[in-house]
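Going by the working numbering, the residue at position 124 of the sequence shown is 134; the numbering climbs one at a time, nothing skipped. Just so it is clear, CB atoms sit at the ideal spot from N, CA and C, and this is done for glycine as well. In what follows, a structure is listed as structure tokens, so that the remarks can point back to it.
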Amino acid sequence: MSRDLPKYTVPSLTPEDGARVAAILQERLHALNDLALTLKHVHWNVVGPHFIAVHEMLDPQVDAVRLMVDATAERIATLGVAPVGTPGALVAARTWDDYAIGRASTTEHLGALDAVYVGVITDHRRAAADTEELDTVTNDLLVGHLSELELFHWFVRAHLESSGGALSTAGASTEKGAAAAAKSATTSDSAQ
Ligand SMILES: [Fe+2]
Numbered sequence: 011m012s013r014d015l016p017k018y019t020v021p022s023l024t025p026e027d028g029a030r031v032a033a034i035l036q037e038r039l040h041a042l043n044d045l046a047l048t049l050k051h052v053h054w055n056v057v058g059p060h061f062i063a064v065h066e067m068l069d070p071q072v073d074a075v076r077l078m079v080d081a082t083a084e085r086i087a088t089l090g091v092a093p094v095g096t097p098g099a100l101v102a103a104r105t106w107d108d109y110a111i112g113r114a115s116t117t118e119h120l121g122a123l124d125a126v127y128v129g130v131i132t133d134h135r136r137a138a139a140d141t142e143e144l145d146t147v148t149n150d151l152l153v154g155h156l157s158e159l160e161l162f163h164w165f166v167r168a169h170l171e172s173s174g175g176a177l178s179t180a181g182a183s184t185e186k187g188a189a190a191a192a193k194s195a196t197t198s199d200s201a202q
């Protein structure tokens, strides 16, 4: 990591560890900022049956993720490092593609959001594991986010789940693939 060491960090952490924790959090800050924007994009672009249910389900998720963004950025600052919250830096740093779907059915967006949450939660869990020894306060922050993110993921998945408990998006690895799988499950349901 080429970043300068902080001039101070929280008591009992070395400046090196403060910088390492802040770097982990900076990645999560980008992911959460991206998620908040993506959830709003979906809120605006869902169409079709169940529009209002999905449209209205998403705003509390946006509000909660924005609070996570704020807490993450302020933890970085507390560690003595400047958080980066600009869109250009986010796009330059992110390792994932921009959300791939515009105006589309609720089922397609929910399928794609399943894939989005899988990505965010997987990386958040890794960040929580990576901070468990380094900084318990940051670990606690990330674990707190995870309990909400995983709940929101279930809200999404409950729309994609059969009465037997199987997900229509099972096996899909991309947003577009998950959207197509969710759509085709709905089409085959209605054909029966
Ligand atoms: Fe709105």
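Check for me: the alpha helix (DSSP H) holding residue i runs from which residue to which?
i	result
residue 145	Taken as a continuous stretch (DSSP letters only), residue 145 belongs to no alpha helix (DSSP H), as it is neither H nor E.
residue 98	97 to 103
residue 106	No alpha helix (DSSP H) contains residue 106, which DSSP labels as neither H nor E.
residue 50	25 to 55
residue 3	Lying outside 11 to 202, the shown extent of the chain, residue 3 is not represented and no answer is given.
Taking the beta carbon of residue i as the centre, do at least 16 other beta carbons fall within 10 Å, making it buried, or is it exposed?
i	result
residue 85	buried
residue 11	Note that residue 11 scores a pLDDT of 46, beneath 50, so its modelled location is shaky; the value from the coordinates is reported in the next line. Counting Cβ neighbours within 10 Å, residue 11 comes out exposed, since fewer than 16 surround it.
residue 31	buried
residue 38	buried
residue 82	buried
residue 97	exposed
residue 137	buried
residue 107	exposed
residue 124	buried
residue 141	buried
residue 201	Unreliable placement is indicated for residue 201, whose pLDDT of 47 sits below 50; the coordinate value is still reported in the next sentence. Result: exposed.
residue 173	exposed
residue 19	buried
residue 161	exposed
residue 114	buried
residue 197	exposed
residue 179	buried
Measure the CB-CB distance between residue i and residue j and report whether it falls below 8 Å.
i	j	result
residue 182	residue 188	yes
residue 116	residue 61	yes
residue 131	residue 185	no
residue 148	residue 47	no
residue 126	residue 45	yes
residue 77	residue 28	no
residue 72	residue 49	yes
residue 16	residue 91	yes
residue 51	residue 65	no
residue 170	residue 177	yes
Using only the heavy atoms of ligand 1, determine whether one of them is closer than 7 Å to the beta carbon of residue i.
i	result
residue 53	yes
residue 69	yes
For my contact list, residue i and residue j are in at a C-beta cut-off of 8 Å; report their separation, rounded to the angstrom.
i	j	result
residue 192	residue 121	3 Å
residue 23	residue 150	With 8 Å as the limit, residue 23 and residue 150 do not qualify as a contact, their Cβ atoms being about 15 Å apart.
residue 55	residue 134	About 25 Å separates the two Cβ atoms, so there is no contact after all.
residue 87	residue 93	6 Å
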